[in-house]
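In what follows, a structure is listed as structure tokens, so that the remarks can point back to it.
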Amino acid sequence: MQRWKQGTSAALVGLGAWWAWAVWHAPLDAVQGVIQKILYVHPPLAFAAYAGFIGAALAGGLFLVRGNERFDRFAAASAEVGVVFCTLMLITGPIWAKGTWGKWWTWDPRLTVTLLLYLAYVAYLLLRSFTEGSERAARFAAVYGILGAALIPLNYYAIELFGSRALHPDNLERGSLGEGMGLPFALGVFATLAAFAFLLVRRFELGELRAARAEQLARVAQREGA
Amino acid sequence: MSYVLAAYVVTLATLFGYALRLASEARALREEISRPRPNGG
């Protein structure tokens, strides 16, 4: 197990180094210049955040159907890791905005829905932290997580839906990247999703350990009370 | 260039810090779970 962890950590570092090399050597954008290089980190962070929230919704659904607490713990882990990536998306986005639009934030439809999505899952984590261990709260969190995931398509298609009112650039499509920009972007997506998977496994393991420890303490308390 | 560096440094430092926090709490919990108890708990 330890060797597997070391192997995956080393592979991630190697992948990150390859990505950094590709970003460094990527051609400069003719319009935006060097600031456009944030493209290789900002959308991949969004994809990882989406993956976290979708994972929370799916695991929450499985918990409702099967009643297995491990699905509930997976949902909590996935939402937390998703919030970490969403936080970073909300940091890198304004940095890019400041460099191109001249301001950190604007109430553009995409940005507004992203903030809503973020706050929805921060509230999910707060709810879980206040009601830890409660079966009823776990069921409520599962339904909340499923409903929260409905914001993801709204977030992704916000630009198409709100048309000319959107300041945020369009979603990337095949062929929309300039020559030499495909590799750093693909590596960015791959490395970010690999980091997401790595952290999700680690966070799920931590949830399992917390549950095992709580069970152990409950057994001791029961024995001492008897 | 400083904006680009800030975006990448904040991202990498946050992910690395989060991974360390998870590893540290997991290590502490493993030690607590495996620690032998005088009352056998």
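Chain order of the listed sequences is A and B. By the numbering used here, the letter at position 139 of the first sequence is numbered 1497, and the numbering carries on one by one without gaps. By the numbering used here, the letter at position 26 of the second sequence is numbered 199, and the numbering carries on one by one without gaps. For every residue, glycine included, the Cβ atom is placed at its ideal position computed from N, Cα and C. Note that the structure is a prediction, hence the values are computed from the model and not measured.
Is the shortest distance between the beta-carbon of residue i and the beta-carbons of chain B less than 9 Å?
{"i": "His1383(A)", "result": "no"}
{"i": "Thr1445(A)", "result": "yes"}
{"i": "Leu1433(A)", "result": "The sequence given here places Ala at residue 1433(A); Leu does not occur at that position. It does not; no Cβ of chain B falls within 9 Å."}
{"i": "Phe1545(A)", "result": "It should be noted that the sequence gives Leu, not Phe, for residue 1545(A). Leu1545(A) does not count as touching chain B."}
{"i": "Leu1541(A)", "result": "no"}
{"i": "Leu1403(A)", "result": "yes"}
{"i": "Val1442(A)", "result": "yes"}
Rounded to whole angstroms, how far is the Cβ of residue i from the Cβ of residue j, which I believe are closer than 8 Å?
{"i": "Ala1549(A)", "j": "Gly1410(A)", "result": "The pair is not a contact, with the Cβ atoms about 16 Å apart (cut-off 8 Å)."}
{"i": "Ala1569(A)", "j": "Arg1431(A)", "result": "6 Å"}
{"i": "Pro1467(A)", "j": "Phe1520(A)", "result": "4 Å"}
{"i": "Leu1472(A)", "j": "Val1399(A)", "result": "Looking at the sequence shown, residue 1472(A) is not Leu but Thr. With a Cβ gap of about 15 Å, Thr1472(A) and Val1399(A) do not count as contacting."}
Please confirm whether residue i has its beta-carbon closer than 9 Å to some beta-carbon of chain A.
{"i": "Gly214(B)", "result": "Because Gly214(B) sits at a pLDDT of 47, beneath the cut-off of 50, its placement in the model cannot be relied upon, and the following sentence gives the value as read from the coordinates. Closer than 9 Å: yes."}
Members of the segment 1493-1525 of chain A that neighbour chain B once the beta carbon cut-off is set at 7 Å: So nothing in the stretch comes that close.
Given 8 Å as the limit, is there contact between the segment 1459-1472 of chain A and the segment 1380-1395 of chain A, that is, 3 or more CB pairs closer than that? Taking 8 Å as the limit for Cβ pairs, the verdict is that the segment 1380-1395 of chain A does not touch the segment 1459-1472 of chain A.
Report yes or no: do three or more beta-carbon pairs, one from the segment 1449-1457 of chain A and one from the segment 1381-1400 of chain A, lie closer than 8 Å? Under the Cβ criterion (8 Å, minimum of three pairs), the segment 1449-1457 of chain A counts as touching the segment 1381-1400 of chain A.
Any contact between the segment 1398-1418 of chain A and the segment 1432-1444 of chain A? By contact I mean 3 or more CB pairs, one from each, below 8 Å. By the Cβ criterion, the segment 1398-1418 of chain A is in contact with the segment 1432-1444 of chain A, since at least three pairs of Cβ atoms, one from each stretch, lie closer than 8 Å.
Please name the residues in the segment 176-198 of chain B whose beta-carbon is closer than 9 Å to at least one beta-carbon of chain A, in chain order. Cβ contacts with chain A come from Tyr176, Val177, Ala179, Ala180, Tyr181, Val183, Thr184, Leu185, Thr187, Leu188, Tyr191, Ala192, Leu195, Ala196, Glu198.
For the segment 1550-1582 of chain A, which residues have a beta carbon sitting closer than 7 Å to at least one beta carbon of chain B? Against chain B - using a Cβ distance shorter than 7 Å - the residues of the segment 1550-1582 of chain A are Ala1553, Leu1557, Arg1560, Arg1561, Glu1563, Leu1564, Leu1567, Arg1568, Ala1570, Arg1571, Gln1574, Arg1577, Val1578, Arg1581.
What runs of the alpha helix (DSSP H), each 4 residues or longer, lie entirely inside the segment 1516-1561 of chain A? Segments of the alpha helix (DSSP H) lying fully in the segment 1516-1561 of chain A: 1516-1520.
Between the segment 1466-1481 of chain A and chain B, which residues of the former have a C-beta closer than 8 Å to a C-beta of the latter? Along the segment 1466-1481 of chain A, there is no position whose C-beta sits under 8 Å from a C-beta of chain B.
What residues in the segment 1447-1464 of chain A have a beta carbon less than 8 Å from any beta carbon of chain B? For the segment 1447-1464 of chain A, the beta-carbon criterion of a distance under 8 Å to any beta-carbon of chain B is satisfied by Ile1449, Thr1450, Ile1453, Trp1454, Lys1456, Gly1457.
Mind listing which residues of the segment 1371-1398 of chain A have their C-beta closer than 7 Å to chain B's C-betas, in chain order? From the segment 1371-1398 of chain A, only Val1392, Ile1393, Lys1395, Ile1396 have a Cβ closer than 7 Å to chain B.
Complete beta strand (DSSP E) runs within the segment 1407-1477 of chain A (minimum length 3 residues, chain order): Listed in chain order, there is nothing to give.
Pair every Cβ in the segment 1556-1575 of chain A with every Cβ in the segment 186-201 of chain B, then say whether three or more of these pairs are closer than 8 Å. Yes, the segment 1556-1575 of chain A touches the segment 186-201 of chain B.
Please determine if the segment 1569-1582 of chain A and the segment 1410-1419 of chain A are in contact, where contact requires at least 3 C-beta pairs separated by less than 8 Å. The segment 1569-1582 of chain A vs the segment 1410-1419 of chain A: no contact.
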